[in-house]
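Each remark here refers to the structure printed beneath this line.
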Amino acid sequence: MTSRRPKKAPVSRDHSDEAGDRSGSLIAHVGRTACQAILGVIIAWAMLQPLDSTSVFEGSALPQNMAWILLAILVSLDQLAAQRRFALSKVEVSVLLAVAVWMIVVTLRAGSSFNPRTGWHGCWHMLSAIALYYAIRSLILSVRERSAAIGLVLAGALTLSGVGLYQVTSAFPEMRAEYQRDPDATIAKMQLEAPAGSPARKRLEDRLNSPEPYATFSLANSLAALLSGALVISIG
């Protein structure tokens, strides 16, 4: 005869364990929601104060770059607290490392010929781009979250388009007329240094006479890059 092993009694969980699970789930939900809210705020910030070549060169992009990196750190802490696993494919890791190494080398070489600080500005800019990629991959997972993020980008692009139309139809013609009446007073009002006959004066006049809008960007092609991406998203 074979003897049967006695069945193990089911392990009972007390109310404290269940309460702990609920509180842990609530904390994880609150942490992730907070990170998503911060992500939305920084995206809106990027629309109002875009990071283009001028802002990176001058170092004014650093606060926003640090915000992206800080968000990535908060997302990492939230992932650890909620015991979520974040995994990148080998292709993603290879591409990110290649981009990081390439941009660090390029920015350092560009900065060393003029000012090493400029190179580090570009380095922080690319590190913040990688942090942004990590944050979005971690926070935007469901269809609703993707729709909200895309809607925020499209709303910002539509707003910037409106600003560009206002510049072309109203702001730029008024500025050109004011400059023609009194160039020196207009330049002083802009708080610029552009003496007569200088390259700075020539660049200013070329920009005033250009029909291209730039909204909150420093250059028209930076605005065009954002709007073209939003157009592709809209068509898709």
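Quick note, in the working numbering, the sequence shown goes up one by one and the last residue is 764. Even for Gly, the Cβ is constructed at its ideal location relative to N, Cα and C.
Open item on the list: DSSP three-state label for F614, please.
Closed with: Within the sequence shown, the letter at position 86 stands for residue 614. Reduced to three states, the DSSP call for F614 is coil.
- [ ] Just mark W630 as buried or exposed, buried being the case when its beta carbon has 16 or more other beta carbons within 10 Å.
- [x] On the sequence shown, position 102 is the one that residue 630 refers to. By the neighbour-count definition (other C-beta atoms within 10 Å, threshold 16), W630 is an exposed residue.
Task: Distance cut-off 7 Å: A574 Cβ against heavy atoms of the ligand NAD - done: Ligands are entirely absent from the displayed structure, and the ligand NAD is therefore not among its contents.
Task: Cβ pair E721, A713 closer than 8 Å - done: In the sequence shown, residue 721 corresponds to position 193, counting from 1. In the sequence shown, residue 713 corresponds to position 185, counting from 1. Not a contact, by the Cβ cut-off of 8 Å.
Open item on the list: Less than 6 Å between C-beta atoms, sequence neighbours within five positions excluded: which residues of the same chain meet that for L660?
Closed with: In the sequence shown, counting from the first residue as 1, residue 660 sits at position 132. The answer, listed in chain order, is W596.
Open item on the list: If you reduce the DSSP assignment to three classes, tell me which class M631 lands in.
Closed with: In the sequence shown, counting from the first residue as 1, residue 631 sits at position 103. M631 falls in the helix class under three-state DSSP.
Open item on the list: Measuring only the C-alpha atoms, how far is L682 from V569?
Closed with: The count along the sequence shown starts at 1 and reaches residue 682 at position 154. The count along the sequence shown starts at 1 and reaches residue 569 at position 41. Each residue's alpha carbon lies about 15 Å from the other.
Task: Integer-rounded CB distance, given that L576 should sit under 8 Å from A663 - done: Along the sequence shown, read from residue 1 onward, the residue named residue 663 stands at position 135. Along the sequence shown, read from residue 1 onward, the residue named residue 576 stands at position 48. Actually they do not touch by this definition, with Cβ atoms about 19 Å apart.
Open item on the list: Using a Cβ distance threshold of 8 Å, determine whether the region 744 to 762 contacts the region 674 to 688, with at least three qualifying pairs required.
Closed with: Short answer: they touch.
- [ ] Return helix, strand or coil for P644, following the three-state DSSP convention.
- [x] Numbered from its first residue, the sequence shown carries residue 644 at position 116. P644: helix per DSSP, three-state reduction.
Task: Q708 - DSSP class collapsed to helix/strand/coil - done: To locate residue 708, count along the sequence shown from 1; it is residue 180. In this structure, Q708 counts as helix in the three-state DSSP scheme.
Task: Where N737 sits in the DSSP three-state scheme - done: On the sequence shown, position 209 is the one that residue 737 refers to. N737 sits in coil when the DSSP states are folded into three classes, being neither helix nor strand.
- [ ] Would you mind sorting T561 into buried or exposed? The rule is 16 or more other CB atoms within 10 Å of its CB.
- [x] Reading the sequence shown from its first residue, position 33 is the one you call residue 561. Result: exposed.
Task: Proximity below 8 Å, CB of A589 to CB of L579 - done: Within the sequence shown, the letter at position 61 stands for residue 589. Within the sequence shown, the letter at position 51 stands for residue 579. Less than 8 Å separates the beta-carbon of A589 from that of L579.
TODO: May I have the straight-line CA-CA distance separating S726 from W652, to the nearest angstrom?
DONE: In the sequence shown, the residue the question calls residue 726 occupies position 198. In the sequence shown, the residue the question calls residue 652 occupies position 124. Rounded to whole angstroms, S726 to W652 spans 33 Å at the Cα level.
- [ ] Just confirm the distance between the C-beta atoms of A615 and G559, as a whole number of angstroms; I'd bet it's less than 8 Å.
- [x] Counting from one through the sequence shown, the residue named residue 615 turns up at place 87. Counting from one through the sequence shown, the residue named residue 559 turns up at place 31. Not quite, the Cβ-Cβ distance comes to about 20 Å (not below 8 Å), so this is no contact.
TODO: Helix, strand or coil for I763, going by three-state DSSP, please let me know.
DONE: For the purposes of this step, residue 763 is taken as the residue at position 235 of the sequence shown. I763 carries a helical assignment under DSSP once its states are collapsed to helix, strand and coil.
Task: Cβ-based burial, N593 [other Cβ within 10 Å; buried from 16] - done: Within the sequence shown, numbered from 1, the residue matching residue 593 stands at position 65. By the neighbour-count criterion, in which a residue is buried when 16 or more other Cβ atoms sit within 10 angstroms of its Cβ, N593 is buried.
Open item on the list: Please report the straight-line C-alpha distance between I678 and G764, rounded to a whole angstrom.
Closed with: Within the sequence shown, numbered from 1, the residue matching residue 678 stands at position 150. Within the sequence shown, numbered from 1, the residue matching residue 764 stands at position 236. Roughly 11 Å separates the two Cα atoms.
Open item on the list: Buried or exposed, going by whether 16 or more other CB atoms sit within 10 Å of the CB of A547?
Closed with: Here the question's residue 547 lines up with position 19 in the sequence shown. Caution applies to A547, whose pLDDT of 48 falls short of 50 and renders its modelled position unreliable; the value that the coordinates give is listed next. With fewer than 16 other Cβ atoms within 10 Å, it is exposed.
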